[in-house]
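First residue of the sequence shown? That's 1 in the working numbering, and the numbers climb one at a time after it. All residues carry an ideal CB built from backbone N, CA and C; glycine is no exception.
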Amino acid sequence: MNARSACRGRLALLAAAVGLAGCTQHGASPPPAATARVLPAAPAAVAFTPPPRRAIPDDAFGAVVRQGEALFTRTGQAAPQFVGNALTCQNCHLDAGRLADSAPLWAAWVGYPVYRSKTGHVNTFAERLQGCFRFSMNGKAPPLGDPVLVALESYSYWMATGAPTHVTLAGAGYPILPQPEQTPDRVRGKAVYTAKCSICHGAEGRGREAWGRLAFPPLWGPDSFNWGAGMGNVNLAAGFIKANMPLGNGWSLSDQEAWDVALYVDSQERPQDPRYTGDVAETRARFHDTPMSMYGRVVDGHVLGSVAPQAGARPRPPSADRPAAAAFVRRRGRAAPATPQPRTTKEQP
Ligand code: HEC
Ligand code: HEC
């Protein structure tokens, strides 16, 4: 399914859910050249399609795979002891971790163990999962061998059934966008946010509930990912947003818009980095020494990372709205020609 037909299929649901007419306007005509997909640099990555959900075996292993899927899609309910915010794994790894260009699990599984500059050593896959609990979920890392990790590992391993190993599969991670023409700008980013994001994520970035559950996840504030999370890096957020947002209308923003709105989102307060040393400047120097992190930077006279945001009521959409996210039909991964490329580093702050 291509982006346009996916968009058409989702239009009715989307419009009914959030009163958005975006698909007809942005998706009905081919994107201009400037917003065309940026293909990964040669050598091309190996194409892979994960098995369908119905292929999960009906045995003891399959039962744990299903637990992994449930943990991934309903993380706070399935593992409340390890989750400290309102997000699920699926919020950033779309379609239950299947979708290409949203760091899919099948591509991740075959990319570990790998050296990561963030930790300064070779990480196992389990350790990578721990990192997403600690930072993206603002929670606690399950101990190695914990049934929660075993289930998530089993789910990822099953999803990579038949994939070659130690390669970069097409659609792995988030896309890497080229540097924008103009330096990313928060004021332009806010305009993009207001026009194309706030309908779902709320003007204050707090997400929105519908029918008593969180239908649209918070992008900042007390219930979102913390300052140590990968999404807090403007380049990673820009790549994710370009490919996946507005939901149902991926690849519709220009690169410049994606960078600008990513900078805007990543310049908002969120829970403290769990590696906080007691001093923002020192924490920045130790863990955020990259132009891609706004932690410790001064924005409108305020030092980001200096004030933990307070919890409060999340805005509800008008009563006619329905939880739209679950209803969306997901775009499938794109195929690309194959030249195996070993994956040896993961340079991500
Ligand atoms: C706030 C967004 C967010 C949430 C929520 C989140 N992650 Fe991630 N995750 C990321 C980002 C960003 C990366 C890095 C992607 C990249 O390097 O391109 C990542 C990477 C990963 C990777 C490695 C992918 C790769 O290709 O190396 C795995 C595995 C993973 N996450 C699992 C999880 C699990 C399990 C959960 C839930 C417990 C979770 N994530 C929740 C944002 C998130
Ligand atoms: C039609 C509703 C909708 C629109 C419009 C939309 N999003 Fe999202 N967004 C979602 C949903 C739903 C998810 C979670 C996906 C899932 O769980 O399957 C999400 C996830 C995200 C995430 C990762 C999760 C998190 O909480 O950090 C980011 C970042 C994000 N959106 C940014 C944006 C930006 C920036 C825009 C505007 C360019 C935008 N979104 C427009 C519905 C929307």
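With respect to the alpha helix (DSSP H) encompassing residue i, which residues constitute its N-terminal and C-terminal limits?
i, result
"Val192", "186-196"
"Tyr264", "255-265"
"Gly235", "Residue 235 is actually Asn in this sequence, not Gly. 234-244 is the extent of the alpha helix (DSSP H) around Asn235."
"Arg66", "60-73"
"Ser156", "147-159"
"Ala55", "That residue, Ala55, is in no alpha helix (DSSP H); it is neither H nor E in DSSP."
"Leu99", "Careful: Leu99 lies outside any alpha helix (DSSP H) and carries neither H nor E."
"Ala311", "No alpha helix (DSSP H) contains Ala311, which DSSP labels as neither H nor E."
"Trp106", "105-109"
With a threshold of 16 other CB atoms inside 10 Å of the CB of residue i, please say whether the residue is buried or exposed.
i, result
"Pro143", "exposed"
"Gln256", "buried"
"Gln182", "exposed"
"Gly97", "buried"
"Glu282", "exposed"
"Thr161", "exposed"
"Pro246", "buried"
"Ser319", "Reliability of the predicted coordinates at Ser319 is poor, the pLDDT of 39 falling under 50, and the value obtained from them is presented with this limitation in mind. It is exposed - the Cβ of Ser319 has fewer than 16 other Cβ atoms within 10 Å."
"Gln179", "exposed"
"Pro184", "buried"
"Gly232", "buried"
"Gly278", "exposed"
"Gln77", "exposed"
"Val148", "buried"
"Gly250", "buried"
"Thr165", "exposed"
"Pro57", "exposed"
"Gly301", "exposed"
"Val83", "buried"
"Ala55", "exposed"
"Gly19", "Here the model assigns Gly19 a pLDDT of 34, short of 50, so the residue's position is not dependable, and the following value carries that caveat. Label assigned to Gly19: exposed."
"Pro52", "exposed"
"Phe72", "buried"
"Gln130", "buried"
Following the continuous beta strand (DSSP E) through residue i, name the residue where it begins and the one where it ends.
i, result
"Val122", "121-123"
"Phe82", "Element bounds for Phe82: n/a, residue is neither H nor E."
"Leu214", "213-216"
"Val280", "No beta strand (DSSP E) contains Val280, which is instead part of the alpha helix (DSSP H) from 280-287."
"Val114", "114-116"
"Ala210", "208-210"
When DSSP builds the beta bridges, which residues end up paired with residue i?
i, result
"Val46", "Leu169"
"His302", "Val299"
"Ser293", "Asn233"
What I want to know is whether the C-beta of residue i ends up closer than 8 Å to one or more non-hydrogen atoms of ligand 3.
i, result
"Tyr174", "You won't find ligand 3 in this model; what it holds is ligand 1 and ligand 2."
Is the CB of residue i under 9 Å away from at least one CB in chain B?
i, result
"Phe72", "Protein chain content of the structure displayed is limited to a single chain, and chain B is not contained in it."
For this session: Determine, using beta-carbon pairs with one atom in the region 110-123 and one in the region 208-219, whether at least three such pairs fall under 8 Å.
Result: Note that the region 110-123 does not touch the region 208-219; fewer than 3 beta-carbon pairs, one per stretch, sit closer than 8 Å.
Problem set entry | Any 3 or more C-beta pairs closer than 8 Å across the region 230-242 and the region 166-176 | Yes: the two stretches touch, three or more of their Cβ pairs being nearer than 8 Å.
For this session: Take every Cβ of the region 185-201, pair it with every Cβ of the region 99-111, and state whether three or more of those distances are shorter than 8 Å.
Result: These segments do not touch.
Exercise. At a cut of 8 Å, does the region 58-67 reach the region 128-144 through at least three beta carbon pairs?
Worked result: Contact between the region 58-67 and the region 128-144 is absent, because fewer than three Cβ pairs lie under 8 Å.
Problem set entry | Segment contact, 8 Å Cβ cut-off, at least three pairs: the region 200-208 with the region 106-114 | As far as the Cβ criterion goes, the region 200-208 does not touch the region 106-114, which means the pair count is below three.
Exercise. With contact counted as at least three CB pairs below 8 Å, one residue from each stretch, are the region 268-275 and the region 217-232 in contact?
Worked result: Segments in contact, yes.
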